[in-house]
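Enquirer:
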Amino acid sequence: MTLVRMQPRSAGAGPAAPTVENAMVAPGPQVCDDMTVEVALSVMASARIGHLLVCDNDGLCTGLVTQARLAAVRDGDAYTDRVRLRDVLGDRGPFASPLTMVTEAEHAMRYRRLDALPVVDDQGAALGVLALAR
Numbered sequence: 003m004t005l006v007r008m009q010p011r012s013a014g015a016g017p018a019a020p021t022v023e024n025a026m027v028a029p030g031p032q033v034c035d036d037m038t039v040e041v042a043l044s045v046m047a048s049a050r051i052g053h054l055l056v057c058d059n060d061g062l063c064t065g066l067v068t069q070a071r072l073a074a075v076r077d078g079d080a081y082t083d084r085v086r087l088r089d090v091l092g093d094r095g096p097f098a099s100p101l102t103m104v105t106e107a108e109h110a111m112r113y114r115r116l117d118a119l120p121v122v123d124d125q126g127a128a129l130g131v132l133a134l135a136r
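Here is the structure:
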């Protein structure tokens with residue numbers, strides 16, 4: 003028999019919807035956007051991870067790159083060893099707020115075909131990563 007602790011709640015209250023803050027994982031390695039694609043791939047390989055959070059010189063998150071995306075860039079016709087992560091990212095984002103509902107974030111990720119989404123605070127600092135379960 004398992005003991006379950008019950009919490010009283012008002013009659014009209016339903017279960018609280020989980021937020022991104024409750025579902026995110028630690029941000030993991032963060033690298034500067036002036037890093038080259040080749041070095042970023044090396045960092046991912048040595049850390050045995052599939053993505054990196056990319057930050058600008060002020061330490062603010064500018065996006066997330068995946069190993070698959072960087073491998074595709076490296077294998078492209080326009081690739082040179084001078085291509086930097088900022089060249090691959092383009093515009094900032096997308097990001098999630100820690101207060102975003104998990105269902106909303108998952109929907110946005112599936113729509114944009116993203117495996118992971120950076121979670122940032124109001125100033126743009128990385129708090130974690132929300133990853134889709136596979």
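Per our numbering, the very first residue in the sequence shown carries number 3; after that it's consecutive. For each residue, glycine too, the CB sits at the ideal point set by N, CA and C.
(1) Per the DSSP calculation, leucine 129 is bridged to which residue(s)?
(2) Taking only the alpha-carbon atoms, compute the straight-line gap between methionine 37 and arginine 86 and give it to the nearest angstrom.
(3) Would cysteine 22 pass as a contact of valine 104 if the rule is Cβ separation under 9 Å?
(4) Do leucine 66 and histidine 53 count as a contact pair if the criterion is CB distance below 9 Å?
(5) With distances taken between CB atoms, is the gap from proline 29 to proline 120 smaller than 9 Å?
(6) In whole angstroms, what separates the C-alpha of leucine 91 from that of valine 39?
(7) Considering alanine 118, what are the terminal residues of the beta strand (DSSP E) in which it resides?
(8) Using DSSP with H/G/I as helix, E/B as strand and the rest coil, what is valine 75?
(9) Given 8 Å as the limit, is there contact between the stretch 44-63 and the stretch 122-131, that is, 3 or more CB pairs closer than that?
Expert: To lay it out plainly:
(1) Against the sequence shown, residue 129 aligns to sequence position 127. Answer is none; leucine 129 lacks a bridge partner.
(2) To locate residue 37, count along the sequence shown from 1; it is residue 35. To locate residue 86, count along the sequence shown from 1; it is residue 84. Roughly 5 Å between the two C-alpha positions.
(3) Along the sequence shown, read from residue 1 onward, the residue named residue 22 stands at position 20. Along the sequence shown, read from residue 1 onward, the residue named residue 104 stands at position 102. The sequence given here has valine at residue 22, not cysteine. Yes, these two residues count as a Cβ contact at 9 Å.
(4) Taking the first residue of the sequence shown as position 1, residue 53 is located at position 51. Taking the first residue of the sequence shown as position 1, residue 66 is located at position 64. A contact, by the Cβ cut-off of 9 Å.
(5) For the purposes of this step, residue 29 is identified with residue 27 of the sequence shown, where counting begins at 1. For the purposes of this step, residue 120 is identified with residue 118 of the sequence shown, where counting begins at 1. Yes.
(6) On the sequence shown, residue 91 is found 89 positions in, with the first residue counted as 1. On the sequence shown, residue 39 is found 37 positions in, with the first residue counted as 1. So the alpha carbons of these two residues sit roughly 11 Å apart.
(7) Position 116 of the sequence shown, counting from 1, holds the residue named residue 118. Residues 118-122.
(8) As a position in the sequence shown, residue 75 is number 73, starting the count at 1. Residue state, collapsed to three classes: helix.
(9) yes
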